[in-house]
Amino acid sequence: MRDLFTNLSHSLNTGEVLSGTAARAETLHIRQGRVWITVEGISHDYFLHAGDSFTAVPGRLTVLQAEQDARIERRRSQPFALLRLAGRLLTRAGRGLTVAPTVKTSLQRDRACNSAC
Numbered sequence: 005m006r007d008l009f010t011n012l013s014h015s016l017n018t019g020e021v022l023s024g025t026a027a028r029a030e031t032l033h034i035r036q037g038r039v040w041i042t043v044e045g046i047s048h049d050y051f052l053h054a055g056d057s058f059t060a061v062p063g064r065l066t067v068l069q070a071e072q073d074a075r076i077e078r079r080r081s082q083p084f085a086l087l088r089l090a091g092r093l094l095t096r097a098g099r100g101l102t103v104a105p106t107v108k109t110s111l112q113r114d115r116a117c118n119s120a121c
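In the working numbering, the protein residues as written are 5 to 121.
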């Protein structure tokens, strides 16, 4: 049995097993094949196919077994990445809602003319 969280990628032959305990949230991406996953303390198991992802629970033993030859890639989860992306998108959207300086000046001139005229 090999340690799941030592390498960034693993290739497993049918029936091979990986296990490990993640120190922090780690996302496993199934790039090829089919794997069975069980996690300590969780009563149900997971079956993932190529294209699926799974986030390992920190501090709990996670065991994977290849049901078909499989390739798995591991990536440390970035919980705030989505929030940063949302912030950038909101900032860009907010720029579109503000009135440009040229438009502001034109509106001020128009208001001044209407009240003085």
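Glycine is no exception: its CB is placed at the ideal position from the N, C-alpha and C atoms. Computed from a prediction, not measured in an experiment: that's the story for all the values here.
For S13, the enclosing beta strand (DSSP E) has its first and last residue at S13 to L16.
Taking a 10 Å sphere around the C-beta of R78, we find 16 or more other C-beta atoms and assign the residue as buried. With respect to the C-alpha of Q69, the residue from R92, T31, G19 and P62 having the closest C-alpha is G19.
Rounded to whole angstroms, the gap between the alpha carbons of G37 and G55 is 9 angstroms.
For V67 and T95, the gap between their C-alpha atoms comes out near 42 angstroms.
Straight-line measurement puts the Cα of I76 at about 9 angstroms from the Cα of S57. In the DSSP assignment, L68 forms a beta bridge with L22 and I41. Looking at the DSSP output, D7 sits in a beta bridge with S23. Approximately 15 angstroms separates the beta-carbon atoms of V61 and L52; this is outside 8 angstroms, ruling out the contact.
Rounded to the nearest whole angstrom, the C-alpha separation of L8 and I46 is 18 angstroms. Straight across, the Cα-Cα distance linking V43 with D49 is about 7 angstroms.
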